[in-house]
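In what follows, a single structure is set out as structure tokens and then discussed.
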Amino acid sequence: MVNFDHPDSDRMKLLLIHSDRMEYRVTKAIKGIAEDVETETDSMEDCLVVFCTVEKSDVKFKDEVVSGCLREITSVAATLKTEKVMLYPYAHLSSDLGTPGDAKEIMRALEAALSGSALETKRSPFGWYKSFDLNCKGHPLSELSREIRPWTEKKKAEESKALGSEKKARSSWYVLDLEGELHPVRVEKNKVKGFDFKGDTQLRKFLEYEISKSRTAKGEPPHVKYMRSLEIADYEPGSDPGNMRFYPKGRFIKSLLEQYVTSEVKAYGGMEIESPIMYDFEHPSLKSYLDRFPARQYTIDTPDKRVFLRFAACFGQFLMAHDATFSYKQMPVRLYEMTRYSFRVEQRGELTGLRRLRSFTMPDCHALCVDMDAAKAEMMVRFNLSRKILTQMDFRIPEELQMAVRVTRDFYENNTEFVVNMAREYGKPIVVEMWDDQFFYFVLKYEWNFVDGQGKASALNTDQIDVENGERYGITFTDKDGENRHPLILHLSPSGAIERNIYALLEKAYLESMKGLPPTLPFWLSPTQLRLIPVSDEQLDLCKELADRLGEFRVDIDDTDRTVGRRIRDSEKEWIPFTAVIGDREAESGNLTVRIRNREKAQREMAVEELLEEMGRSQGTMQRSPLPLPRLVSARPKFVG
RNA sequence: GCCACUGUAGCUCAGCCUGGUAGAGCGUCUGAUUCGUAAUCAGAAGGCCGUGGGUCCGAAUCCCAUCAGUGGCUCCA
Numbered sequence: 002m003v004n005f006d007h008p009d010s011d012r013m014k015l016l017l018i019h020s021d022r023m024e025y026r027v028t029k030a031i032k033g034i035a036e037d038v039e040t041e042t043d044s045m046e047d048c049l050v051v052f053c054t055v056e057k058s059d060v061k062f063k064d065e066v067v068s069g070c071l072r073e074i075t076s077v078a079a080t081l082k083t084e085k086v087m088l089y090p091y092a093h094l095s096s097d098l099g100t101p102g103d104a105k106e107i108m109r110a111l112e113a114a115l116s117g118s119a120l121e122t123k124r125s126p127f128g129w130y131k132s133f134d135l136n137c138k139g140h141p142l143s144e145l146s147r148e149i150r151p152w153t154e155k156k157k158a159e160e161s162k163a164l165g166s167e168k169k170a171r172s173s174w175y176v177l178d179l180e181g182e183l184h185p186v187r188v189e190k191n192k193v194k195g196f197d198f199k200g201d202t203q204l205r206k207f208l209e210y211e212i213s214k215s216r217t218a219k220g221e222p223p224h225v226k227y228m229r230s231l232e233i234a235d236y237e238p239g240s241d242p243g244n245m246r247f248y249p250k251g252r253f254i255k256s257l258l259e260q261y262v263t264s265e266v267k268a269y270g271g272m273e274i275e276s277p278i279m280y281d282f283e284h285p286s287l288k289s290y291l292d293r294f295p296a297r298q299y300t301i302d303t304p305d306k307r308v309f310l311r312f313a314a315c316f317g318q319f320l321m322a323h324d325a326t327f328s329y330k331q332m333p334v335r336l337y338e339m340t341r342y343s344f345r346v347e348q349r350g351e352l353t354g355l356r357r358l359r360s361f362t363m364p365d366c367h368a369l370c371v372d373m374d375a376a377k378a379e380m381m382v383r384f385n386l387s388r389k390i391l392t393q394m395d396f397r398i399p400e401e402l403q404m405a406v407r408v409t410r411d412f413y414e415n416n417t418e419f420v421v422n423m424a425r426e427y428g429k430p431i432v433v434e435m436w437d438d439q440f441f442y443f444v445l446k447y448e449w450n451f452v453d454g455q456g457k458a459s460a461l462n463t464d465q466i467d468v469e470n471g472e473r474y475g476i477t478f479t480d481k482d483g484e485n486r487h488p489l490i491l492h493l494s495p496s497g498a499i500e501r502n503i504y505a506l507l508e509k510a511y512l513e514s515m516k517g518l519p520p521t522l523p524f525w526l527s528p529t530q531l532r533l534i535p536v537s538d539e540q541l542d543l544c545k546e547l548a549d550r551l552g553e554f555r556v557d558i559d560d561t562d563r564t565v566g567r568r569i570r571d572s573e574k575e576w577i578p579f580t581a582v583i584g585d586r587e588a589e590s591g592n593l594t595v596r597i598r599n600r601e602k603a604q605r606e607m608a609v610e611e612l613l614e615e616m617g618r619s620q621g622t623m624q625r626s627p628l629p630l631p632r633l634v635s636a637r638p639k640f641v642g
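What follows is the structure, given as structure tokens:
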């Protein structure tokens, strides 16, 4: 389905002949479409004759087609060392012609463009039957055909336009401390200078990653092995790179995270909606938005049009907001969607494991605000929402995440107090990247970044103050004075991509293991929370009873025909937080001997009630969900190795 | 997207340099074992050597292309 090029029929076709002499004579006008002619005959010597056919779909991308043709013709002419070109409209290269009117327009534009270059150009008239004499030089390059793909041309043009604006985006880097002092930072020998990090190596590493491009990575990131050995996710060679498969345990973890984030955003006041994943390239609002960015969308052909896959929920929510009626009294209006999926065609070299994907699941919550004061106040509400969500996912804030604010100089100078206050709320110094001009649709965005063991930084949450799209999408609200105004829009992803949360959790576990602690997942996300191991078949029924009694948690039973030691090992390799061996002793006493992961060789005898309490404390108030796999380990397929 | 490296059994890898019958451990299956906190024993099955071309009497091995993965660069709405 995914297809970057037009189908074969959707191409401007050129046939190029390197000729000693070309001469034509008009014979009969075709009624209704013939151009006026000044001369009935014309000729050219030692030239490149270009037969051109304008196809139906070229019409949508006239400029791109003309510039593509110009590029091809001038390049061929240069190769052949000729400076003369004869354009010859030739309908017979296509079975899907454009209209004569469009064809004439494109032909004329092409003629003008060629004349504007160094080439001497003639064109035979459009809409006439003609006779012609043409000889061909006959050398290997004297007969060539070219196809101009308007879609590709358009993409190239968009890319260069957007990349151009990115290149111009010059920025300065600072660390903002809690006293509100802005410390300019610079790079010397791959080390960041200008601020005393006072042992906050993660913040220092983050800055080094951001501005000094220093990379300490060796080998693949550790989460890749974990994601496979824990049967969470895996590469899918049958898809496009960056599109992963999720095994039952991975789907389960992802699903719990999705449910949790959604429940928090709803509690904050986000109205959950659902929007299409694909959008029309030719929709005017979308078009000008896309022009802002390099073309990194998946595109697909529908039976009737060419569409792109969304890269966030912006379009769906903005188009919905455009048609909604609301006033300052209902604001801020908060729209929310857990996008499964958003798509970005990230560069091949940037795709590793779960850190960055081409299809990903991202919560996206927009708040429509009446003015800048309201936007700033709302941003702080969401700031705390993000903090709660990421804290519950087990990230320690501010220690484990590094905050960066990207802001225009103008906005910073007028809102210094606001930014300083954000740093204070965050609880430690933050990185500030300041642009001299506004290149994107927002004047301020912040994000919290996770720095992994290899020193690579990835943004988790982010929120932005968007000053453009209210107008671009024609979103309006009625203000107190009865006037219609465009809202400011906040773009929040309170957790960032869910897949990236899993990446960060796994990398965090690896960092723990480097300190000599067993790697773990948060209790509430562990697919199995308690494993029961019957010493022999005789205890299997007792295990089933116990599993039922502990049924508010996810309990499974390793009934395989292996030694106890081996089953303990398997349980530890699965990172199961609680493991209990059930033998005659337990059958008699009614108590459990529980092995607790994440504590130094903790092995305790406890009553069932005690264990329930202990697990209840670990669970807290977090989402619960039943076991995603058969309760008996012997009944499970193995998905990886 | 660019440069480099890698691709052999479900998994991890040896074999490739120097072309000539495809190997190990783990996992799986079968049998034995009913076991007390990180690997019970024995046997068997399992391979278009990523894919497509080329060179050669002969290719896992040499050459080209392509796909996939990894590192670096670039990039990250």
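Those letters in the first sequence? Residues 2 to 642, per the working numbering, in order.
Note that CB positions come from ideal geometry on N, CA and C, so glycine has one too.
| Query | Result |
| --- | --- |
| Which same chain residues end up closer than 7 Å to PRO631 when comparing Cβ atoms and leaving out the 5 residues on each side of it in sequence? | ARG637 |
| List in chain order: all unbroken alpha helix (DSSP H) runs of 4+ residues lying wholly within the stretch 268 to 337. | 285 to 291, 315 to 324 |
| Please classify TYR89: is it buried, with 16 or more other beta-carbons within 10 angstroms of its beta-carbon, or exposed? | buried |
| Going straight from the alpha carbon of VAL420 to that of LYS267, what length do you get? | 27 Å |
| Could you tell me if ASP64 is buried or exposed, where buried requires 16 or more neighbouring beta carbons within 10 angstroms of its beta carbon? | exposed |
| At 4 residues or longer, and completely inside the stretch 70 to 111: list those alpha helix (DSSP H) runs for me, N to C. | none |
| Starting from the Cα of ILE274, find the closest Cα among LEU320, ASP201, ALA79, VAL27 and give me that residue. | LEU320 |
| What residues are listed by DSSP as bridge partners for VAL556? | LEU531 |
| What residue does the alpha helix (DSSP H) around ASP411 start on, and which one ends it? | 410 to 415 |
| Within the continuous beta strand (DSSP E) that includes ASP43, where are the two ends? | 42 to 54 |
| Using the beta-carbon count (16 or more within 10 Å), is TYR130 buried or exposed? | exposed |
| Helix or strand or just coil, what does DSSP make of ASP1? | The question about residue 1 has no answer, for the chain in this structure spans 2 to 642. |
| Can you tell me whether TYR175 is helix, strand or coil according to DSSP? | strand |
| Report the option in LYS199, SER264, MET423, PHE247 whose CA atom is closest to the CA atom of VAL433. | MET423 |
| Mapping the DSSP letters down to three states, classify ASP201 as helix, strand or coil. | coil |
| By Cβ distance below 8 Å, which residues in the same chain neighbour LYS250 in space, the five residues on each side in sequence not counted? | LEU231, GLU232, ILE233, PRO528, PRO629, LEU630 |
| With distances taken between CB atoms, is the gap from GLY454 to GLU209 smaller than 8 Å? | no |
| Taking the alpha helix (DSSP H) that ASN470 belongs to, which residues open and close that run? | 470 to 473 |
| Indicate the three-state DSSP secondary structure (helix, strand or coil) for ASN599 in the structure shown. | coil |
| Counting along the chain, where does the beta strand (DSSP E) carrying TYR447 start and finish? | 443 to 452 |
| Just tell me which of THR263, ARG345, THR392, SER256 has its CA closest to the CA of LEU336. | THR263 |
| State the CB to CB distance for the pair GLN403 and ASN462, rounded to an integer number of angstroms; the pair is presumed to be in contact (CB under 8 Å). | Not confirmed; about 12 Å, so no contact. |
| How far does the beta strand (DSSP E) with TYR227 in it reach, from first residue to last? | Taken as a continuous stretch (DSSP letters only), TYR227 belongs to no beta strand (DSSP E), being part of the alpha helix (DSSP H) at 224 to 230. |
| Cutting at 8 Å between CB atoms, please list the residues of its own chain near PHE282, excluding the five before and the five after it. | LYS288, LEU291, THR300, LYS306, ARG307, VAL308, PHE309 |
| Whole angstroms are fine: how far does the CA of SER459 sit from the CA of ARG345? | 16 Å |
| Which stretch, first to last residue, makes up the beta strand (DSSP E) that contains ASP464? | 458 to 467 |
| Put LEU593 into one of helix, strand or coil per three-state DSSP. | strand |
| Hey, is the stretch 465 to 474 in contact with the stretch 495 to 504, meaning 3+ C-beta pairs nearer than 8 Å? | no |
| Classify ASN415 as buried or exposed, calling it buried when 16 or more other Cβ atoms lie within 10 Å of its own Cβ. | exposed |
| Taking the straight line between their C-alpha atoms, what separation do you get for ASP241 and LEU506? | 25 Å |
| Are three or more beta carbon pairs between the stretch 391 to 401 and the stretch 357 to 368 nearer than 8 Å? | no |
| Identify, in the order they occur along the chain, each residue of the same chain with its Cβ nearer than 6 Å to the Cβ of LEU445, setting aside the five sequence neighbours on each side. | VAL408, PHE412, ILE466 |
| In this structure, how does DSSP classify ARG246 when only helix, strand and coil are distinguished? | strand |
| Answer yes or no: do ARG359 and ASN502 have a C-beta to C-beta separation smaller than 8 Å? | no |
| What are the residues that DSSP puts in a beta bridge with PHE384? | The partner list for PHE384 (beta bridge, DSSP) is empty, contrary to what the question assumes. |
| For GLY165, count neighbouring Cβ atoms within 10 angstroms of its own Cβ and tell me buried if that reaches 16, exposed if not. | Because the pLDDT of GLY165 is 48, which lies under 50, any placement of that residue in the model is unreliable, and the question is left without a value. |
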